[in-house]
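Residue numbers (the working numbering), protein chains in the order written: chain A, 1 to 36; chain B, 1001 to 1231.
Written out as structure tokens, the structure is:
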């Protein structure tokens, strides 16, 4: 019986990195469009 | 409602839907038997690559239209799309190696697909640096339009690189002439992610376009004040 690889850490890392990049960019745009 | 506010709303909705994609991908999409949980990086990596290529495609299109009609709106749109594309390229270039390490046993390999996507990222960076370096608006728009068209030319090579060269990178499983080779539940998650990344692209570009308008308005005010001082 084939065992499923235990590599969930990589998955979590990728999902966190993506969230950080996209949220960071969204925040940067928000700040630039609302700057007085 | 201003363009920036509309873009902000679309981005907000996009981020909320991205959270829903996270939940669906992590909790309600089956784990692939051979690759394990790391395969779920697919639901972010592929849509990010799609958005990066969409961004460069539209940078190229905006650039061609600018050179044809010399309308500053096309230049502004190309600049917005390039900055947004840089963010999506960064997602693609970080999630790719994180996925590659457990599956290929290496973070990076200099094969055609990976190298060309790295070129795409450098083209985005070069495009933004060029815009920052040239201060005269007409010259800046013309020079960057030429670079934008070079980026457009790169896209078919990136897409076809997995057919043209021996590569570790898998061939397309959705964007190909035959039917997608994915089980239904995985395909739904992938398509949802594609839609959300595209929505984020739209929201980001609208906001970034508004940033350009604000900068131009401020520069105009600055010039007006300067003229007043001289007078």
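Glycine residues also receive a C-beta, built at the ideal position from the N, C-alpha and C atoms.
Can you look up residue 1215 of chain B in the DSSP assignment and give me helix, strand or coil? helix
Beta-carbon proximity list for residue 1021 of chain B, same chain, < 8 Å, skipping 5 on both sides: 1043, 1189, 1192, 1193, 1196
Run through chain A and tell me which residues come within less than 7 Å of residue 1004 of chain B, C-beta to C-beta. 33
Alpha helix (DSSP H) containing residue 1010 of chain B: first to last residue? 1003 to 1027
Segments of 4+ residues assigned as alpha helix (DSSP H) that fall wholly inside the stretch 1026 to 1079 of chain B: 1042 to 1069
Span separating the alpha-carbon of residue 1211 of chain B from that of residue 1077 of chain B: 11 Å
Is it a yes or a no for the stretch 1003 to 1019 of chain B touching the stretch 1133 to 1143 of chain B, going by three-plus beta-carbon pairs under 8 Å? no
Just mark residue 1113 of chain B as buried or exposed, buried being the case when its beta carbon has 16 or more other beta carbons within 10 Å. buried
Let me see if you follow: with CB-CB separation under 8 Å, is residue 50 of chain A close to chain B or not? Because chain A here runs from 1 to 36, residue 50 of chain A falls outside it and cannot be looked at.
Since I believe residue 1143 of chain B is in contact with residue 1130 of chain B (beta carbons under 8 Å), could you give me their beta-carbon distance rounded to a whole number of angstroms? 6 Å
Pull up the distance between the alpha-carbon of residue 22 of chain A and that of residue 1087 of chain B, whole angstroms please. 7 Å
Where does residue 1081 of chain B sit, in a helix, a strand or coil, going by DSSP? helix
Whose Cβ in chain B lies nearer than 8 Å to the Cβ of residue 23 of chain A? 1015
Would you please verify whether the beta carbon of residue 1099 of chain B is less than 8 Å from any beta carbon of chain A? yes
Output the distance between the C-alpha atoms of residue 1178 of chain B and residue 1163 of chain B, rounded to the nearest integer angstrom. 15 Å
Just how far apart, CA to CA, sit residue 1014 of chain B and residue 1220 of chain B? 33 Å
Using DSSP with H/G/I as helix, E/B as strand and the rest coil, what is residue 1230 of chain B? In this prediction, residue 1230 of chain B has a pLDDT of 42, which is less than 50 and means its spatial position is unreliable; what the coordinates show is noted afterwards. Note: residue 1230 of chain B maps to helix in three-state DSSP.
Using C-beta distances below 6 Å, list every residue in its chain close to residue 1125 of chain B, excluding the 5 sequence neighbours before and after it, in chain order. none
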